[in-house]
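Peer 1: Protein chains in written order, with our numbering: chain L, 97 to 460; chain E, 2 to 326.
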C-alpha cells in the first residue's frame, strides 16, 4: 500500500463517475440464457473451458514456485485473466490467427498447442521449437497460428492488421485476434493499428485486456478516457466493454466480433475488464504500489471461482468433480515439468542459426 | 537492354516482380494514384489496383508493422518509406520485430519484408530529407542492407531483394535517381547479394564506396589517373552481407585503402571496414586507412556541398594516402 507521505500521482483524481478500473455488474445465467448464448452444447463448452482454466491456474502456481527455486528463469502469471484466453480460444476457429500479449499462453494451449511443448519453452531447452532463444512466456506456436511475440508493448497490433489484410486479399476464411493490455493503448502501434484497420475495413478483433495495471501504473494514469472501449469511436469502428472474468460473456463477444470480421463487417475493439490477481511477473512485488483493496475486489471476481459456482449451481459439477479435475491438471503439469527438466540445453550451434535463411552471420 | 535512369529501373523492378508473382505488393504514403513522390511506383496503381498498391495512412510504424503482418501471412510486401529521414517511427518495428522474427520463433515465422527508402544528400533537402543512416541497419543482426549505385544494379538488387527470404533494407540514392542513366537488362535481372563490384582496376590504392558516392569517387579517380595514380574502385553493393573477400583481396593487392561515405564519420560503416582491414589485412597496408565522410553534425541545408564528400576532397584524400607510404 502506498504511503501517504509519498507525493500524489499527477493527473486528474478519479471521481465518482470514473469507471476506468471498474468491473461490470456480474451477470447470472440460467439454462435458457446459456442455450441462447452458447447453443445446445453449452454445458460441454463450459466444462471444456473450466478444464483449461484450471490447467492455466495450476501452471501459474507451479511455475511461480519453480521460478522461486531457480528452476525456470522468469514467469508472467495470467491468474485472474484465464477466462479471456480460454473464451477467445473457444470462440475462434483453426483458420483464425492470434497475436498474443504477455498473458495469453493458455490461448495457444486451448487452441491445441501441446502442453509439453510449451513447458519445454518455459525451460528454454533444446526441444523448445524456438531453441530457448526467448524468455519464458514468449512461446511461438505456428501449429495453432499463435504468432511469436517480442517484449515490446503494442508492436503486435499492426502485425495483426497485416495478417488481416492478407486474409481479406486472398478471401481466406479466417480473421485475426490481437491481444494487448491497457498500457498498450498509450503506445504508437495501438493508434496506427486501429486506424489502419478502420480505413482498410480489415477482419481483425482488437482484444484489449484491461487488467488495470501496467506493472505499477494504474489504468487511471494511463488514460483520461473513462471507458477504454470508447477509443474505438476515434477510428470509426465498434467498441464494446466486456466482463473478462465471465467466460460466457467472453465467448459470446469474441464469437460475434469474429463473425462480423469474417463477414466483411470490419474490425472491432473489445475491452475485457479483468483483475490482475498476481504480480506483473516473477520480477516485481505489487505490495510496493497496489492498495490492499484491489486484491480483495479481485478475489470477488476470480474467473475460475465464478465459473465453478455457475456449473455447480446448474448441477454440472460438484466438489468431487472439482477435486478430480484439479488432480488431472496437476498430474499433466507435473508430467510436462518432469519431461522438460530431463531435456538437454540448446546446442551451441543454435546461437547462430535462424538469423538469416541461409547466410551465416559474420563469423568472428 | 533498355536505357533507363535509376528511379525508372526501380519502377521496372517493382512492376516486373508484381507481374511475376501475385504475392508481391507495395505499401506506403502516396505510392498509389500519385505514383510516389519520386515516381518510383508510377503506373503500378493503374496496372495492379488499389489492393496491391496501397496508399497507407501517414504512419511509418503502421506501414512497416502492417507489412510485417503481410509477410508473416506469406505475402511479399515492399514497403516504401518516403524519405529515409522519416523511418525512425518505424525503427522499433524494424529493429525489434522485422529483424528478429525468424530467430526468436526458431524459424517458424520467417518475415520477409523489403523496406525501400530514398536516402542521402545533394538535393537541397536539409536536415530531414538528406540523411544517410545505413549504419543503424547494418548494425542490427537479421537485416540485409543493399544500396545500388547504377540503374542496372537498382533493378538487379531490388529484384533479388523482393525474392529473397530475409528482410532487406533497400536504400536508394535519390540524388542520382535521374542524374544517372545506363543500360538495364530486360527480364528477370538479379544481382546477387554479398558480391562487390570492382568498377575500376588499379594498383596504388583501393577506394571503397557505395550508392551515390560512387560517382564523385569515379570522377576523382579518373582525374588522378592523369597524375599517375591508379585507383581500384570497389562498389560494395550490399553492406550486409559484406563481400569481405573482395575488400581484403583488393587491399592485399594495392596496400592502401580509402573509404568514402556521406554518413557522419563516428560509428559509420567506414569504421566497420577499417576495423575489418585492421583485423585481416594489417600486414598488407603501406599507409593508414583513410575515411572520407560527412561531418559529425546534423545534415546542413545551405552548406550541403561542404558537408558531402566532393571529387576534390576525395582526390585530395587519395593523393595523401598514396604519398603517405
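Where a beta carbon is used, it is the ideal one built from N, C-alpha and C, also for glycine.
Check the Cβ-Cβ distances between residue 444 of chain L and every residue of chain E, and say whether any is below 7 Å.
Peer 2: The residue you call residue 444 of chain L lines up with position 348 of the first chain. Taking Cβ atoms only, chain E never reaches closer than 7 Å to residue 444 of chain L, which makes this a no.
Peer 1: Using a Cβ-Cβ cutoff of less than 8 Å, which residues in the same chain neighbour residue 2 of chain E once the five nearest sequence positions on both sides are dropped?
Peer 2: Residue 2 of chain E sits at position 1 when you count from the first residue of the second chain. So the qualifying residues of the chain are 184, 185, 186, 187.
Peer 1: What whole-angstrom Cβ distance do residue 192 of chain L and residue 365 of chain L have, given they're in contact under 8 Å?
Peer 2: For the purposes of this step, residue 192 of chain L is identified with residue 96 of the first chain, where counting begins at 1. For the purposes of this step, residue 365 of chain L is identified with residue 269 of the first chain, where counting begins at 1. The Cβ separation is near 17 Å, so there is no contact.
Peer 1: Flag residue 341 of chain L as yes when its Cβ comes closer than 6 Å to any non-hydrogen atom of the ligand PLP, and as no otherwise.
Peer 2: Of ligands this structure carries none, so the ligand PLP is not represented either.
Peer 1: Since residue 18 of chain E contacts residue 163 of chain E with CB under 8 Å, what's their CB separation in whole angstroms?
Peer 2: As a working mapping, residue 18 of chain E is identified with position 17 in the second chain. As a working mapping, residue 163 of chain E is identified with position 162 in the second chain. With a Cβ gap of about 5 Å, residue 18 of chain E and residue 163 of chain E count as contacting.
Peer 1: Any idea what DSSP makes of residue 100 of chain L, helix, strand or coil?
Peer 2: Locating residue 100 of chain L in the first chain gives position 4, counting from the first residue. Residue placement at residue 100 of chain L cannot be trusted, given a pLDDT of 44 that sits under 50; what the coordinates show is reported in the next sentence. In this structure, residue 100 of chain L counts as coil in the three-state DSSP scheme.
Peer 1: Kindly list the residues whose CB is nearer than 8 Å to the CB of residue 267 of chain E, restricted to its own chain and excluding five residues on each side of it in sequence; keep chain order.
Peer 2: Taking the first residue of the second chain as 1, we reach residue 267 of chain E at position 266. Within the same chain, residue 267 of chain E has close Cβ partners 297.
Peer 1: Who are the neighbours of residue 62 of chain E on chain L, taking C-beta pairs under 7 Å?
Peer 2: Within the second chain, numbered from 1, the residue matching residue 62 of chain E stands at position 61. 254, 284, 285, 288, listed in chain order.
Peer 1: Taking DSSP as the reference, what is the three-state secondary structure of residue 284 of chain E?
Peer 2: Residue numbering aside, residue 284 of chain E sits at position 283 when the second chain is read from its first letter. If DSSP states are grouped into helix, strand and coil, residue 284 of chain E belongs with the helices.
Peer 1: With residue 298 of chain L as the anchor, note down where its beta strand (DSSP E) starts and where it stops.
Peer 2: Taking the first residue of the first chain as 1, we reach residue 298 of chain L at position 202. No beta strand (DSSP E) holds residue 298 of chain L; DSSP gives it neither H nor E.
Peer 1: Please compile the residues from chain L whose C-beta is within a distance smaller than 9 Å of the C-beta of residue 105 of chain E.
Peer 2: Here the question's residue 105 of chain E lines up with position 104 in the second chain. Within chain L, the residues near residue 105 of chain E are 226, 229, 230, 234, 236, 244, 245, 246, 450.
Peer 1: Taking C-alpha atoms, which residue in E:222, E:243, E:96, E:228 lies nearest to residue 148 of chain E?
Peer 2: For the purposes of this step, residue 148 of chain E is taken as residue 147 along the second chain, with counting starting at 1. Minimum Cα distance to residue 148 of chain E is reached at E:243.
Peer 1: DSSP three-state call for residue 120 of chain E: helix, strand or coil?
Peer 2: What you label residue 120 of chain E is simply residue 119 of the second chain in a count that begins at 1. Three-state DSSP puts residue 120 of chain E in a strand.
Peer 1: Does any CB atom of chain L fall closer than 7 Å to the CB of residue 73 of chain E?
Peer 2: Translated into positions along the second chain, residue 73 of chain E becomes position 72. True, the Cβ-Cβ gap to chain L drops below 7 Å.
Peer 1: Tell me whether residue 420 of chain L is buried or exposed, calling it buried when 16 or more other Cβ atoms sit within 10 Å of its Cβ.
Peer 2: Your numbering for residue 420 of chain L matches position 324 in the first chain. Classification for residue 420 of chain L: exposed.
Peer 1: Measuring only the C-alpha atoms, how far is residue 7 of chain E from residue 255 of chain L?
Peer 2: Locating residue 7 of chain E in the second chain gives position 6, where the first residue counts as 1. Locating residue 255 of chain L in the first chain gives position 159, where the first residue counts as 1. Distance between the alpha carbons of residue 7 of chain E and residue 255 of chain L: 32 Å.
Peer 1: Just to confirm my understanding: we take residue 133 of chain L, look at its own chain, exclude 5 residues before and 5 after, and list those with CB closer than 7 Å. What are they?
Peer 2: Sequence index remark: in the first chain, residue 133 of chain L carries index 37 (1-based). Within its own chain, the residues whose Cβ lies closer than 7 Å to the Cβ of residue 133 of chain L, once the five positions on either side in sequence are excluded, are 344, 348, listed in chain order.
Peer 1: What does the Cβ neighbour count give for residue 121 of chain L, buried or exposed, with the cut at 16 atoms within 10 Å?
Peer 2: In the first chain, the residue the question calls residue 121 of chain L occupies position 25. Its Cβ having fewer than 16 others within 10 Å, residue 121 of chain L is exposed.
Peer 1: Note down the Cα distance separating residue 301 of chain E from residue 310 of chain E, rounded to an integer number of angstroms.
Peer 2: Within the second chain, the letter at position 300 stands for residue 301 of chain E. Within the second chain, the letter at position 309 stands for residue 310 of chain E. If I take the Cα positions, the gap works out to 13 Å.
Peer 1: What separation, rounded to the nearest whole angstrom, lies between the Cα atoms of residue 75 of chain E and residue 24 of chain E?
Peer 2: Numbered from its first residue, the second chain carries residue 75 of chain E at position 74. Numbered from its first residue, the second chain carries residue 24 of chain E at position 23. One C-alpha to the other measures close to 8 Å.
Peer 1: Cβ of residue 76 of chain E less than 7 Å from any chain L Cβ?
Peer 2: In the second chain, counting from the first residue as 1, residue 76 of chain E sits at position 75. Chain L, which has a Cβ nearer than 7 Å to the Cβ of residue 76 of chain E, makes this yes.
Peer 1: In whole angstroms, give me the CA-to-CA distance for residue 179 of chain E and residue 156 of chain E.
Peer 2: Stepping through the second chain from its first residue, residue 179 of chain E is reached at position 178. Stepping through the second chain from its first residue, residue 156 of chain E is reached at position 155. In this structure, the alpha-carbon of residue 179 of chain E lies about 14 Å from that of residue 156 of chain E.
Peer 1: How is the beta strand (DSSP E) around residue 77 of chain E delimited, first residue to last?
Peer 2: The residue you call residue 77 of chain E lines up with position 76 of the second chain. Unbroken beta strand (DSSP E) run through residue 77 of chain E: 77-81.
Peer 1: Give the interface partners of residue 251 of chain L over in chain E, defined as CB-CB distance under 7 Å, in chain order.
Peer 2: Position 155 of the first chain holds residue 251 of chain L. Under the 7 Å cutoff, chain E gives 66, 93, 94, 97, 98.
Peer 1: If you measure from the beta carbon of residue 265 of chain L to each beta carbon in chain E, is any gap under 7 Å?
Peer 2: Walking along the first chain from the start, residue 265 of chain L turns up at place 169. Yes, residue 265 of chain L counts as interfacial toward chain E.
Peer 1: Do residue 66 of chain E and residue 285 of chain L have their C-beta atoms closer together than 7 Å?
Peer 2: Taking the first residue of the second chain as 1, we reach residue 66 of chain E at position 65. Taking the first residue of the first chain as 1, we reach residue 285 of chain L at position 189. For residue 66 of chain E and residue 285 of chain L, yes; Cβs fall inside 7 Å.
Peer 1: Along the chain, where does the beta strand (DSSP E) that runs through residue 294 of chain E open and close?
Peer 2: One-based indexing of the second chain puts residue 294 of chain E at position 293. From DSSP, the beta strand (DSSP E) with residue 294 of chain E extends over 291-295.
Peer 1: Compute the beta-carbon to beta-carbon distance between residue 281 of chain E and residue 249 of chain E, rounded to the nearest angstrom, for a pair I have assumed lies under 8 Å.
Peer 2: Counting from one through the second chain, the residue named residue 281 of chain E turns up at place 280. Counting from one through the second chain, the residue named residue 249 of chain E turns up at place 248. Confirmed, Cβ separation roughly 5 Å.
Peer 1: Would you kindly report the start and end of the unbroken beta strand (DSSP E) that includes residue 194 of chain L?
Peer 2: Your numbering for residue 194 of chain L matches position 98 in the first chain. In the DSSP assignment, residue 194 of chain L falls within the beta strand (DSSP E) that extends over 193-195.
Peer 1: Which residues, in order along the segment 140-151 of chain E, keep a beta-carbon less than 8 Å from a beta-carbon of chain L?
Peer 2: The segment 140-151 of chain E vs chain L, Cβ under 8 Å: 142, 143, 145.
Peer 1: Looking only at its chain, what residues have a beta carbon closer than 6 Å to the beta carbon of residue 181 of chain L, apart from the 5 residues adjacent to it on each side?
Peer 2: Walking along the first chain from the start, residue 181 of chain L turns up at place 85. Cβ neighbours of residue 181 of chain L beyond the five flanking positions: 200, 202, 203.
Peer 1: Using a beta-carbon distance cut-off of less than 8 Å, what residues from the segment 105-134 of chain E approach chain L?
Peer 2: Here the close residues are 105, 106, 107, 108, 109, 110, 111.
Peer 1: In chain order, what residues of the same chain lie with their CB nearer than 7 Å to the CB of residue 232 of chain E, ignoring the 5 residues before and after it?
Peer 2: Against the second chain, residue 232 of chain E aligns to sequence position 231. Cβ within range, chain order: 201, 203, 205, 206, 208, 222, 225, 319.
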